[in-house]
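> In full-length UniProt numbering, the protein residues as written are 1 to 180.
(1) Indicate whether the contact test is met: 3 or more Cβ pairs, each with one atom in the region 115-124 and one in the region 79-97, closer than 8 angstroms.
(2) So what does DSSP say about residue 170, is it helix, strand or coil?
(3) Could you tell me the distance, in whole angstroms, from the CA atom of residue 46 to the CA atom of residue 58?
(4) Return the first residue and the last residue of the alpha helix (DSSP H) that residue 116 is part of.
(5) Rounded to a whole number of angstroms, what is the C-alpha to C-alpha distance between residue 28 and residue 170?
(6) Helix, strand or coil, according to DSSP, for residue 7 in the structure here?
(7) Is the beta carbon of residue 158 closer than 8 angstroms to that of residue 168?
(8) Among the candidates 88, 86, 87 and 107, whose CA atom is the shortest distance from the CA of residue 96?
(9) Please go through the same chain and pick out, in chain order, the residues whose beta-carbon is closer than 8 angstroms to the beta-carbon of residue 131, but skip the five residues on each side of it.
(10) Over what stretch of residues does the beta strand (DSSP E) that includes residue 59 continue unbroken?
(11) Can you tell me whether residue 163 is buried or exposed, with buried defined as 16 or more other CB within 10 angstroms of its CB?
(12) Buried or exposed, going by whether 16 or more other CB atoms sit within 10 Å of the CB of residue 66?
(13) What does the alpha-carbon distance come out to for the pair residue 112 and residue 166?
(14) Can you check the region 134-160 for any beta strand (DSSP E) of at least 3 residues that lies completely inside it and give the ranges in chain order?
(15) Taking the beta carbon of residue 89 as the centre, do at least 16 other beta carbons fall within 10 Å, making it buried, or is it exposed?
(16) What's the C-alpha gap between residue 68 and residue 178?
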């Protein structure tokens, strides 16, 4: 009986330790790279609008610091991610509000005023004092989905949202861009 109780206590302690998360200490208005936790050579890149495509977010192999993103806190305690270093931000990353079913739910950019599409809750497995964070989940509460790496076999680099599964494809590293 004692062995069973000890085993149960150890399993509970390990489970609790694995489930612990932190809220990153992001510096508002400071530049960040958003990298895939699976392969940190892939970094978010703003894909400006063209005649046939709306502006969006791609995951590409680019040099760190080439195209930084900026985090801004919201009144609800969540975050918006912007391509602008303007407070308050003007253009934010938006989760798709009109996608249903298996239709690709690609991130776009647009007005930060729509909290349903722009607000994200960020929780990470590790948070640094310098504002960095690793293995972060970007949860869009307005759509009850998480930001996911591109998953097409056709090579489409567009970042999207999907049902939250806790998979490695839904983990991101937030890295402050140095001024060097």
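We put the CB at the ideal spot given by N, CA and C, even for glycine.
So, from the listed chains and residues:
(1) yes
(2) helix
(3) 6 angstroms
(4) 115-118
(5) 23 angstroms
(6) Interpretation of residue 7 is limited by its pLDDT of 35, a score under 50 that renders its predicted location unreliable; the figure taken from the coordinates is listed afterwards. Correct three-state label for residue 7: helix.
(7) no
(8) 107
(9) 24, 25, 26, 27, 30, 32, 174 and 176
(10) 56-61
(11) exposed
(12) exposed
(13) 27 angstroms
(14) 145-148
(15) buried
(16) 10 angstroms
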